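Structure, as structure tokens:
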Amino acid sequence: MREPRPRRRKLDVVVVSDVHLGTYGCHATELLRYLKSVKPKVLVLNGDIVDIWQFSKNYWPASHMRVVRYLAGLAAKGTHIHYLTGNHDELLRKFAGTRLGNLRIDNKLVLELPAGKAWFFHGDVFDVTMQHSRWLAKLGAHGYDFLIVLNRVVNFLLHKLGRPRVALSKAVKDRVKGAVNLVSNFEQTAAGIAGEGGYQFVVCGHIHQPEIKELPTSRGPVTYLNSGDWVENLTALEYAADTGWQLYRYAADAAMQQPAAPADAHDQAADAPVAELLSDLLVEFQLHRRPE
């Protein structure tokens with residue numbers, strides 16, 4: 018007898034950023050499990066979802082395609098999805114304003130929530146390395162992806178030796194992004210501009226540092242939020258009118274620590290040939306009908 022699926026948590030808004038699909042560091046399987054556990058009215062993909070900088074036709078696992086297929090299914094079923102561009106998927110910025118069914122591509126977003134106006138954008142505009150040394154940022158991205166692979170090899174060997182795991186990639190990333198944050202004053206700058214614009218909330222990604230905190234500005238306090246990432250922290254932001262903003266951590270979710278259910282037919286469909294998948298995605302986005 019087939020076990021019933023657990024009920025999904027109903028939310029008004031879910032924010033996910035810095036997934037980096039197409040890289041070795043992406044935790045696509047865990048992200049898909051999380052997405053299946055929630056039922057948001059609005060899903061904000063706040064930049065760096067597909068890593069175009071490091072995209073390679075030689076590395077696109079089925080787990081990554083399953084995430085894309087699931088997102089298409091959510092849009093087809095009525096979830097409003099806002100794809101906001103980041104620096105790793107900046108090529109999509111030329112398509113800002115494009116709408117495919119319930120999916121819309123933009124560079125920024127404003128939502129009127131019961132708690133106040135929320136301003137969403139990725140945040141790379143405040144990163145001094147992006148403003149002045151784009152080549153260095155891209156080089157660092159490739160180096161970080163290599164470090165992820167090296168870290169997995171090291172942890173595999175440590176596991177065989179009965180030693181605890183280490184987080185080389187996270188330690189390096191935290192130091193580099195921490196330095197960027199110190200120089201550019203990322204959080205305070207974002208909050209200050211949001212305050213000038215009359216927003217009560219500013220929601221970013223980019224620096225891979227999950228956070229919710231109130232910051233003072235010349236126009237009064239602004240709540241700064243960062244959704245973190247799905248490379249190291251595995252975090253998201255959730256909003257419901259009755260509870261306000263909450264920071265979700267995959268590692269702290271007891272349900273996610275249980276064994277995953279076997280892939281269902283919908284997941285397995287994402288393992289089909291690329292041409293067939295593209296045709297199915299067009300149907301799900303309601304761009305054309307499936308042949309009779």
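All residue numbers for the sequence shown refer to the numbering used here, where the first residue is 18 and numbers rise by one.
Note that the Cβ used here is the ideal one computed from N, Cα and C, for glycine as well.
All values derive from a computational prediction rather than experimental measurement.
Counting along the chain, where does the beta strand (DSSP E) carrying residue i start and finish?
| i | result |
| --- | --- |
| Val314 | Outside the shown range of the chain (18 to 309) lies residue 314, about which nothing can therefore be said. |
| Tyr76 | Segment: none, Tyr76 is in no beta strand (DSSP E) and carries neither H nor E. |
| Gly261 | 261–266 |
| Leu232 | 228–232 |
| Val142 | From DSSP, Val142 is part of no beta strand (DSSP E); its letter is neither H nor E. |
| Thr115 | Counting along the chain, Thr115 falls outside any beta strand (DSSP E), and DSSP gives it neither H nor E. |
| Val239 | 239–243 |
What's the C-alpha gap between residue i and residue j?
| i | j | result |
| --- | --- | --- |
| Arg26 | Ile210 | 33 Å |
| Gly140 | Arg83 | 27 Å |
| Ile66 | Pro181 | 31 Å |
| Val142 | Tyr265 | 25 Å |
| Leu52 | Thr96 | 12 Å |
| Leu109 | Ser235 | 34 Å |
| Pro57 | Val31 | 6 Å |
| His159 | His223 | Low local confidence applies: a pLDDT of 49 at His159 is under 50, so the model's placement there is unreliable, and no value is given. |
| Asn124 | Phe138 | 7 Å |
| Ala277 | Arg50 | 8 Å |
| Ala93 | Tyr87 | 10 Å |
| Asn119 | Asp29 | 15 Å |
| Leu10 | Arg116 | Outside the shown range of the chain (18 to 309) lies residue 10, about which nothing can therefore be said. |
| Leu128 | Val59 | 10 Å |
| Tyr241 | Arg24 | 30 Å |
| Asn104 | Gly179 | 39 Å |
| Ser54 | Ala271 | 12 Å |
| Glu213 | Gln275 | 45 Å |
| Pro131 | Asp259 | 9 Å |
| Tyr41 | Trp77 | 9 Å |
| Ile6 | Lys111 | Residue 6 is absent from the model: the chain starts at 18 and stops at 309. |
| His99 | Ala113 | 11 Å |
| Val85 | Ala257 | 25 Å |
| Val248 | Gln205 | 25 Å |
| Gly215 | Ala208 | 10 Å |
| Ile69 | Thr46 | 20 Å |
Which partner residues does residue i have in the DSSP bridge list?
| i | result |
| --- | --- |
| Phe203 | DSSP, once it has assigned bridges, lists no residue as partnering Phe203. |
| Val55 | Arg26 |
| Ile122 | Tyr100 |
| Val127 | Trp136 |
| Ala257 | Gly261 |
| Val67 | Leu38 |
| Val33 | Leu62 |
| Thr46 | For Thr46, which the question treats as bridged, DSSP gives no partner whatsoever. |
Roughly how far, in whole angstroms, is the beta-carbon of residue i from the beta-carbon of residue j, given that I think they are within contact range, below 8 Å?
| i | j | result |
| --- | --- | --- |
| Glu228 | Pro238 | So it is not a contact: roughly 15 Å between Cβ atoms. |
| Val33 | Asn75 | Contact doesn't hold; Cβ gap of about 26 Å is too wide. |
| Leu254 | Ser244 | 5 Å |
| Gly133 | Phe218 | 6 Å |
| Val61 | Leu48 | That belief does not hold up - the Cβ atoms of Val61 and Leu48 are roughly 14 Å apart, past 8 Å. |
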